[in-house]
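Engineer: My questions will all concern the structure given below.
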Amino acid sequence: MSFDELTLFISGPTYLSERVRKAALLPEFGHRDKDAVLRLKPAMEHLREIMGISPDYAVLLIPGTGSDAMEASVRSLVRDDERLLCVSVGAFGDLYAAIARSNKPNVEVLRFPDGAAVDLKALGRKLEELRPAAVTVTHNETSTGVMTSVRDVCRVISEHGALPLVDGVSIMGGAPTFIEEGGVAMYSSSTQKCLALPAGFGIAAVSRAALRKAKDVAGRGYTTDILEHAKCAEKFQTLTTTSTSLANQLFVQTEYIVNQEGVPERFRRHERMRAMTHRWTRSLGDFRLFPKAEDASVSVSCIVVPQTLDRGALKERMRVRGYLFDPGYNKLAVPSMRIGHMGDITEEMLGSYLDALQEELGSLSAASPARALSSQEPSGASS
Ligand SMILES: Cc1ncc(COP(=O)(O)O)c(C=O)c1O
0 MSFDELTLFI
10 SGPTYLSERV
20 RKAALLPEFG
30 HRDKDAVLRL
40 KPAMEHLREI
50 MGISPDYAVL
60 LIPGTGSDAM
70 EASVRSLVRD
80 DERLLCVSVG
90 AFGDLYAAIA
100 RSNKPNVEVL
110 RFPDGAAVDL
120 KALGRKLEEL
130 RPAAVTVTHN
140 ETSTGVMTSV
150 RDVCRVISEH
160 GALPLVDGVS
170 IMGGAPTFIE
180 EGGVAMYSSS
190 TQKCLALPAG
200 FGIAAVSRAA
210 LRKAKDVAGR
220 GYTTDILEHA
230 KCAEKFQTLT
240 TTSTSLANQL
250 FVQTEYIVNQ
260 EGVPERFRRH
270 ERMRAMTHRW
280 TRSLGDFRLF
290 PKAEDASVSV
300 SCIVVPQTLD
310 RGALKERMRV
320 RGYLFDPGYN
330 KLAVPSMRIG
340 HMGDITEEML
350 GSYLDALQEE
360 LGSLSAASPA
370 RALSSQEPSG
380 ASS
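Residue 0 is where the sequence shown starts when you use numbering that gives the first Met the number 0, and the numbers rise one by one after that.
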C-alpha cells in the first residue's frame, strides 16, 4: 500500500517537515513516568513562550483536538444559571456556539456576516443588553480568513465584566495571541495548524482567576474539567493517556520554534506569506480577497474566485502536481478557494505553489473555453 505524497496547502492539517516526521519515531514512554516530564515540561514551557503568557496562566495539554479544549472552556467556566454569548464571524464561531448549546442552557449568538470582522459597537450594545458571564470569540475564522483583534474585542468583553473565551485553533504559533492584553480567561488551540504537527492535543492557556471560578461551576464533566487538567499540567502530565509519538513531536517542534526559528521570526514569516498571497491574488484580475485586507488572516487566505472556475478540476490537477488544494468553505455565498500559508510552509514553498496554481488556472481556462475565467464579479459577495 502506498499513499500519495502531497504537500498540504489546505487550512489544516498542515504540511509536516522531515524534522517533525522523524520525531514520531523517538521512543515511546509511560505517560505517568518521569520520561513524560522530559518531553512535556520543555514543551509546555515553550508553548508558554509561543503564546506569550506569564505564570498567571496555566498551560494545559488536553488529549483530543481544539474542539475538546473549546468544550472544556464552556463546561468548566460557565454555570448553568449564567448567560453565555457566542460571537461568530463564520463557521467556526458557529461551531463554538454549537458546542456551547450542547453543554449549556442559556446561550445567545451575535452573528456578523461571513467575511466581516467583529463590530465593536454592536458587540458593546449586545453586552449591555445581555450582560453575559462569558463570551466566546474566534481569533482566526478559518472559513472566511478573517482575523479578529483579540486585544480590542476581549478588552470590550472584559470591561463588561464577562470572561473572554477564545478559539485560537488556526492561528496560535503563527501570530501573537494577545491573551494577557485582552484579559482572556481561556484560550483554546490545537497542534495541527500553525504549530505544524499532527492533530492530537487541545492546547489551552487558562488564567489563574478562571481556574478559581471553575471551582464554583457544577457539572464540569471529567475530560472537560479544566481543574483536573490543570492538576496534571502542574506535574507536566496529561489527564488521559498521552499520544507518545505526538508528545515527542511536540517536544522537538516547540524546541525548534523557540530556539531555532525564533517566535518573532515565525510570526514575521507568516505575515510575509500573507503579503505574498495578497500580491498574487491582486495579480489575477478576476480574483479578490474575501475579507477586507485589514481583517485578513496571517495563516489562511480566503479568495473569491469567478463563478465559472471548476474548483474540483483544479483540485485534481493540483493533486497530480503533488499538492492538496483547498477549494474553499462550501457554505459561503460566493465561490471561493483558500490557501493555507501556515505552520512550517516556507515562502519558497508558497511561491512554487502559487506558480503551479497560476499555471493550472491558465491551462484549465485554455482547455475549457466555455468555462474560461470570467472577469465578472460573482454576485452576492460580502464586504
Ligand atoms: C477556527 C477553528 N476552530 C475550531 C476548529 C476545530 O478544531 P479541531 O478540529 O482541532 O477540533 C477548527 C478546525 O479547523 C478551526 O479552524
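Ideal Cβ placement from N, Cα and C applies to all residues, glycine included.
Tell me the residue span of the beta strand (DSSP E) that contains Ala133.
Structural biologist: In the sequence shown, counting from the first residue as 1, residue 133 sits at position 134. From DSSP, the beta strand (DSSP E) with Ala133 extends over Ala133 to Thr137.
Engineer: Helix or strand or just coil, what does DSSP make of Arg410?
Structural biologist: Residue coverage of the chain in this structure runs from 0 to 382, which leaves residue 410 outside it and unanswerable.
Engineer: Which residue's Cα is closest to the Cα of Gly204: Leu323, Tyr186 and Leu283?
Structural biologist: Locating residue 204 in the sequence shown gives position 205, counting from the first residue. The sequence given here places Ala at residue 204; Gly does not occur at that position. By alpha-carbon distance to Ala204, the top candidate from Leu323, Tyr186 and Leu283 is Tyr186.
Engineer: From this set, Thr147, Val73, Asp113 and Ala174, which residue's C-alpha is nearest Ala133's C-alpha?
Structural biologist: As a first step, residue 133 must be located in the sequence shown, where it is residue number 134. Checking every option, the nearest Cα to that of Ala133 belongs to Val73.
Engineer: Would Gly181 and Val145 qualify as a contact pair, given that the criterion is a beta-carbon distance under 9 Å?
Structural biologist: Against the sequence shown, residue 181 aligns to sequence position 182. Against the sequence shown, residue 145 aligns to sequence position 146. No.
Engineer: Out of Arg130, Thr176 and Thr143, which has the shortest C-alpha to C-alpha gap to His159?
Structural biologist: As a working mapping, residue 159 is identified with position 160 in the sequence shown. If we check each option's Cα against that of His159, Arg130 comes out closest.
Engineer: Which whole-angstrom value is the C-beta distance of Val152 and Leu122, which I expect to be below 8 Å?
Structural biologist: On the sequence shown, position 153 is the one that residue 152 refers to. On the sequence shown, position 123 is the one that residue 122 refers to. Contact holds; Cβ gap of about 7 Å.
Engineer: Which partner residues does Phe200 have in the DSSP bridge list?
Structural biologist: Reading the sequence shown from its first residue, position 201 is the one you call residue 200. Its beta-bridge partners are Pro62.
Engineer: Using only the alpha-carbon positions, how far apart do Glu395 and Arg268 sit?
Structural biologist: Nothing about residue 395 can be reported from this structure: the residues present for the chain run from 0 to 382 only.
Engineer: Tell me whether Ser75 is buried or exposed, calling it buried when 16 or more other Cβ atoms sit within 10 Å of its Cβ.
Structural biologist: Here residue 75 corresponds to residue number 76 of the sequence shown, with the count starting at 1. Buried, because 16 or more other Cβ atoms sit within 10 Å of the Cβ of Ser75.
Engineer: Return yes when the Cβ of Thr237 is within less than 9 Å of the Cβ of Pro104, no when it is not.
Structural biologist: Stepping through the sequence shown from its first residue, residue 104 is reached at position 105. Stepping through the sequence shown from its first residue, residue 237 is reached at position 238. Result no, Cβ atoms of Pro104 and Thr237 do not sit closer than 9 Å.
Engineer: Who are the near neighbours of His277 in its chain, counting only those whose CB is closer than 8 Å to its CB and skipping five residues on each side?
Structural biologist: Numbered from 1 along the sequence shown, position 278 holds the residue referred to as residue 277. Within the same chain, His277 has close Cβ partners Leu288, Ala292, Ala295 and Ser300.
Engineer: Figure out for me which residue from Leu83, Leu245 and Met272 has the closest Cα to the Cα of Leu39.
Structural biologist: Here residue 39 is taken as the residue at index 40 of the sequence shown, counted from 1. The residue with the shortest Cα to Cα distance from Leu39 is Leu245.
Engineer: Do Lys192 and Gly11 have their C-beta atoms within less than 9 Å of each other?
Structural biologist: Residue mapping note: residue 192 aligns to position 193 of the sequence shown, counting from 1. Residue mapping note: residue 11 aligns to position 12 of the sequence shown, counting from 1. Their beta carbons are under 9 Å apart, which means Lys192 touches Gly11 by this criterion.
Engineer: Between which two residues does the beta strand (DSSP E) carrying Val303 extend?
Structural biologist: Here residue 303 refers to the residue found at position 304 when the sequence shown is read from its first residue. Element bounds for Val303: Val299 to Val303.
Engineer: Hey, is the stretch 351-361 in contact with the stretch 304-323, meaning 3+ C-beta pairs nearer than 8 Å?
Structural biologist: yes
Engineer: Taking 9 Å as the threshold (C-beta atoms), are Phe8 and Tyr352 in contact?
Structural biologist: Sequence index remark: in the sequence shown, residue 352 carries index 353 (1-based). Sequence index remark: in the sequence shown, residue 8 carries index 9 (1-based). Against a cut-off of 9 Å, the Cβ pair of Phe8 and Tyr352 comes out as a contact.
Engineer: Distance check for Phe266 and Ala213, CA to CA, integer angstroms please.
Structural biologist: In the sequence shown, counting from the first residue as 1, residue 213 sits at position 214. In the sequence shown, counting from the first residue as 1, residue 266 sits at position 267. Taking the straight line from one Cα to the other gives about 32 Å.
Engineer: Is it right to say Asn139 is buried, meaning 16 or more other beta carbons lie within 10 angstroms of its own, or is it exposed?
Structural biologist: Along the sequence shown, read from residue 1 onward, the residue named residue 139 stands at position 140. Buried: at least 16 other Cβ atoms inside 10 Å.
Engineer: Out of Ser188, Thr141 and Thr137, point me to the one whose CA is closest to Pro163's CA.
Structural biologist: For the purposes of this step, residue 163 is taken as residue 164 along the sequence shown, with counting starting at 1. Comparing Cα positions, the closest option is Thr137.
Engineer: Quick check on Pro334: buried or exposed, where buried means 16 or more other Cβ atoms within 10 Å of its Cβ?
Structural biologist: In the sequence shown, the residue the question calls residue 334 occupies position 335. So Pro334 counts as buried.
Engineer: Based on the DSSP output, what are the partners of Thr6 in its beta bridges?
Structural biologist: Taking the sequence shown and counting its residues from 1, the one referred to as residue 6 is at position 7. Tyr322.
Engineer: Hey, would you say the C-beta of Ser66 is under 8 Å away from at least one heavy atom of ligand 1?
Structural biologist: As a working mapping, residue 66 is identified with position 67 in the sequence shown. Yes, the Cβ of Ser66 comes within 8 Å of a heavy atom of ligand 1.
Engineer: Within 10 angstroms of the Cβ of Gln259, are there 16 or more other Cβ atoms? Answer buried if so, exposed if not.
Structural biologist: By one-based count along the sequence shown, residue 259 stands at place 260. Gln259 comes out exposed.
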